[in-house]
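For the sequence shown, my numbering assigns the number 54 to the initial residue and increments by one for each residue that follows. We treat Cβ as the ideally placed atom computed from N, Cα and C, and that holds for glycine.
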Amino acid sequence: MLSLLGTIATAQQTSVSSPDGTLTVKLDLKNGHLFYQVELEGKTMLEASPLGLQSKTINLSDNLRPIAEKRGEILTNYNEPKIKRSQVQYKANELRYVLENTSKQQIEVTFRVSNNNIAFRYYVPQVGEPANFALIKENSGFKFPLVTTTFLTAQASPMIGWMKTKPSYEEEYQADQALGVPSKYGVGYTFPALFHVGDRGWVLVSETGVSSAYCASKLSEGTKDGLYSISFPEEGENNGIGRAAPTISLPGYTPWRTLTVGSSLKPIVETTIPFDVVEPQYPASKKYEFGRATWSWLEWQDGSINFEDQKKFIDLSASMGYEFVLIDNWWDTKIGHEKIEQLVAYGKERGVGICLWYNSNGFWNDAPQTPKNKMNTSIARKAEMQWMQHVGIKGIKVDFFGGDKQETLKLYEDILSDANDYGLTVIFHGCTLPRGWERMYPNFVGSEAVLASENLIFTQHANDTEAFNATLHPFIRNAVAAMDFGPVLLNKRHNRENSGGTIRKTTETFQLATAILFQTPVQNFGLTPNNLQEMPTHVINFMKQVPTTWDETVFIDGYPGKYVILARRKNDTWYIAGINAEGKEKTVSVNLPMLSTDAVQLIDDNIARESKQKQIRLSKTKSIKLTLQPEGAVVLIGK
54 MLSLLGTIAT AQQTSVSSPD GTLTVKLDLK NGHLFYQVEL EGKTMLEASP
104 LGLQSKTINL SDNLRPIAEK RGEILTNYNE PKIKRSQVQY KANELRYVLE
154 NTSKQQIEVT FRVSNNNIAF RYYVPQVGEP ANFALIKENS GFKFPLVTTT
204 FLTAQASPMI GWMKTKPSYE EEYQADQALG VPSKYGVGYT FPALFHVGDR
254 GWVLVSETGV SSAYCASKLS EGTKDGLYSI SFPEEGENNG IGRAAPTISL
304 PGYTPWRTLT VGSSLKPIVE TTIPFDVVEP QYPASKKYEF GRATWSWLEW
354 QDGSINFEDQ KKFIDLSASM GYEFVLIDNW WDTKIGHEKI EQLVAYGKER
404 GVGICLWYNS NGFWNDAPQT PKNKMNTSIA RKAEMQWMQH VGIKGIKVDF
454 FGGDKQETLK LYEDILSDAN DYGLTVIFHG CTLPRGWERM YPNFVGSEAV
504 LASENLIFTQ HANDTEAFNA TLHPFIRNAV AAMDFGPVLL NKRHNRENSG
554 GTIRKTTETF QLATAILFQT PVQNFGLTPN NLQEMPTHVI NFMKQVPTTW
604 DETVFIDGYP GKYVILARRK NDTWYIAGIN AEGKEKTVSV NLPMLSTDAV
654 QLIDDNIARE SKQKQIRLSK TKSIKLTLQP EGAVVLIGK
């Protein structure tokens with residue numbers, strides 16, 4: 054709901070603040086150029102940062118003058134079961150600042166400022182005959198004070214990596230780096246991006262509301278004086294097909310650029326801004342189901358894609374009470390459509406639904422896995438989805454995209470829209486960051502867009518850095534969108550026999566904790582049949598009961614790259630997880646005021662790094678001292 058408070062006289066300087074008055078955006082028009090600055094409790098979090106758009110023929114960033122200013126209040130209540138909080142109330146103050154250049158061409162900049170969050174976008178009206186605006190540059194920038202350090206992951210160059218599948222948002226993070234350090238590939242940084250503004254606080258920068266009407270953007274290389282700017286995809290992405298810069302229809306909007314700003318990390322972890330400012334793009338064709346899945350490919354790899362092994366994993370899901378099994382690449386040749394139908398029937402008898410993997414290709418990379426050429430065109434896609442609907446497939450996982458161009462965003466949206474017509478949920482892998490999609494598309498489940506669990510099988514380095522990476526995700530990648538990581542690998546050795554391959558460095562309790570820390574509404578867990586016999590009873594029992602959708606998320610303590618403790622609520626039960634990446638035992642005293650009872654179940658590691666469970670009682674103040682072993686964890690369950 055928008056309540057307009059009227060149009061007021063315009064000025065060269067203006068501002069808008071959050072409902073609680075602590076977060077302020079100041080706009081300043083200097084010599085025809087528009088800048089904005091962000092303050093939190095009077096402290097500068099962003100210095101004067103540029104705004105504006107440019108097309109091939111129109112410059113809406115220079116020689117500007119203000120012509121109107123409109124203010125309003127936003128109040129929105131919505132339910133969304135797929136995100137970190139199921140019921141959300143969004144309250145914000147809005148400022149619409151309208152400007153024109155010397156040719157009377159207009160641009161409107163809208164800022165919405167809620168408590169700890171800022172969203173801004175541009176509106177370009179149609180003036181005269183031109184019905185589109187072909188951008189060459191978006192001037193939006195983020196200029197940080199020199200005290201700032203960064204937590205960023207590089208954007209990959211196009212058409213590199215395995216079978217030319219990059220960029221796939223699967224690069225490593227660099228923690229606490231100085232401003233302006235060159236990225237690994239020299240083409241900027243992937244959203245979201247976290248900045249630590251000295252002792253003033255934190256800023257998380259991202260974007261939302263990205264659809265086929267625009268491209269997905271990134272941050273440019275930073276300057277030594279702290280400026281990072283919106284940057285469009287590289288020309289070579291998706292094998293050079295499609296224009297790198299977007300074109301918007303007129304009148305039209307850009308996506309929202311978002312900033313979450315806090316004196317602590319609590320607003321960063323708990324933010325819902327990616328979903329607050331977007332709207333559903335189409336109604337759900339059915340009530341979609343979410344839950345837990347097993348996935349043979351992760352530990353057993355390609356050799357498991359056969360009829361008998363998939364029956365074993367259907368049985369595993371059934372024994373765990375899980376809703377799904379994911380059958381990965383090559384199923385069309387190694388199992389076949391007819392046998393898939395038999396597996397669907399077998400699963401139905403056991404209460405387990407089947408989800409299938411597809412290659413997105415196309416012509417944009419060399420990934421050979423099949424089925425391919427089934428998702429890239431409407432005719433092939435609808436025929437395949439009609440078959441899936443007929444036999445009872447529950448959802449699809451589509452892999453290997455490798456680009457952020459507007460044309461690629463159209464493919465994402467077309468897959469989602471068509472899948473909804475046939476009652477299918479969708480997970481994306483080898484893909485871009487989802488930007489508000491959980492609320493925009495009702496059948497969207499989640500995306501990888503992270504250096505995910507498959508790398509634990511591929512390299513020992515991924516295992517050696519697993520704890521470090523896991524302590525980053527709640528603050529950065531998973532703070533803005535569902536993350537299909539594929540957590541909880543209980544094998545001590547990452548192969549089928551649990552006797553060779555890479556070595557898991559983290560404890561079993563750590564693995565359990567990731568089921569809470571990593572949020573996505575369908576979790577493809579890394580469990581294997583041998584885990585039922587090899588793991589302690591309490592480990593398996595926890596994995597039988599852990600939810601995948603949440604009603605509330607509360608940050609408790611942590612620092613990205615070192616440790617994290619957070620709590621998630623499902624109905625009246627709280628699941629609290631903490632992990633340690635500091636390389637030595639860590640003791641943390643925390644308060645848990647959300648718990649109404651004293652008795653809680655505690656799962657932690659003993660000095661031998663073995664997972665143990667016991668019931669404990671909290672003090673009257675609901676405080677507790679937690680001991681986290683190196684690369685270990687704690688899990689608490691209470692009400």
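| Check | Outcome |
| --- | --- |
| Taking the alpha helix (DSSP H) that Lys364 falls in, what are its first and last residues? | Phe360 to Met373 |
| Verify whether the separation of the beta carbon atoms of Lys190 and Leu106 is less than 9 Å. | yes |
| With distances taken between CB atoms, is the gap from Val200 to Val250 smaller than 9 Å? | yes |
| Going by beta carbon distance, what residues of the same chain come within less than 6 Å of Gly448, once the five residues before and after it are set aside? | Cys408, Leu477 and Thr478 |
| So what does Val141 bridge to, in DSSP terms? | Tyr131 |
| Cβ atoms of Thr555 and Ala523: under 9 Å apart, would you say? | no |
| Helix, strand or coil for Gly305? Go by DSSP, reduced to three states. | strand |
| Grouping DSSP H, G and I as helix and E and B as strand, with all else coil, what is Tyr222? | coil |
| Let me make sure I understand the geometry here. Which of Lys675, Trp627, Ile127 and Ile632 has the alpha-carbon closest to that of Asn644? | Lys675 |
| Does Thr512 pass the burial test, meaning 16 or more other C-beta atoms within 10 Å, or should it be called exposed? | exposed |
| Please classify Val541: does DSSP put it in a helix, a strand, or coil? | coil |
| Return the chain-ordered list of same chain residues with a C-beta closer than 8 Å to the C-beta of Thr300, the five sequence neighbours on each side being excluded. | Asn185, Phe186, Ala187, Leu188 and Gln459 |
| Any idea what DSSP makes of Gly344, helix, strand or coil? | strand |
| How would you call His443, buried or exposed, if buried means at least 16 neighbouring beta carbons within 10 angstroms? | exposed |
| Whole beta strand (DSSP E) runs in the segment 72–135 with 3 or more residues, listed along the chain? | 76–83, 86–93, 96–103, 106–108 and 118–132 |
| Which same chain residues end up closer than 7 Å to His591 when comparing Cβ atoms and leaving out the 5 residues on each side of it in sequence? | Ile656 and Gln666 |
| I'd like to check one pair, Phe164 with Phe248: are the Cβ atoms closer than 9 Å? | no |
| Leu113 and Asn154 - do their beta-carbons sit closer together than 9 Å? | yes |
| Please list, in chain order, all residues of the same chain as Gln439 whose beta carbon is under 7 Å from its beta carbon, the five residues on each side excluded. | Tyr475 |
| Tell me the rounded alpha-carbon separation between Pro582 and Ala566. | 20 Å |
| What are the residues that DSSP puts in a beta bridge with Leu205? | Gln227 |
| Using the Cα positions of Ser71 and Asn169, report the straight-line distance between them to the nearest angstrom. | 8 Å |
| Whole angstroms is fine: what's the gap from Gln654's alpha carbon to Ser672's? | 14 Å |
| Tyr242: which of Thr485, Leu82 and Gly214 sits nearest, CA to CA? | Thr485 |
| Compare the C-alpha of Lys740 against each of Leu148, Glu225, Ile120 and Val166 and name the closest. | The question about residue 740 has no answer here: the residues shown for the chain are numbered 54 through 692. |
| If contact is defined by three or more beta carbon pairs under 8 Å, each pair taking one atom from either stretch, is the segment 595–607 in contact with the segment 623–643? | yes |
| Report, in whole angstroms, the separation of the C-beta atoms of Leu509 and Glu501, which I expect to be a contact under 8 Å. | Actually they are not in contact, since the Cβ atoms of Leu509 and Glu501 sit about 14 Å apart, beyond 8 Å. |
| In whole angstroms, give me the CA-to-CA distance for Leu525 and Lys219. | 22 Å |
| Is Ala505 near Glu223, with beta carbons less than 9 Å apart? | yes |
| Just the Cα atoms here: how many angstroms apart are Ser357 and Trp350? | 6 Å |
| By Cβ distance, which residues of its chain are closer than 7 Å to Lys678, with the 5 residues on each side in sequence left out? | Thr640 and Ser642 |
| For the putative contact between Asn531 and Phe571, defined by C-beta atoms under 8 Å, what is the C-beta separation to the nearest angstrom? | 6 Å |
| Check whether the segment 398–407 and the segment 365–372 are in contact - that is, three or more C-beta pairs closer than 8 Å. | yes |
| Under a three-way DSSP split, which group does Val263 fall into? | coil |
| With a CB to CB cut of under 7 Å and the five nearest residues on each side skipped, what residues in its chain are close to Asp517? | Lys558 |
| Measuring alpha carbon to alpha carbon, tell me which of Val688, Glu507, Gly456 and Arg621 ends up nearest Ile213. | Gly456 |
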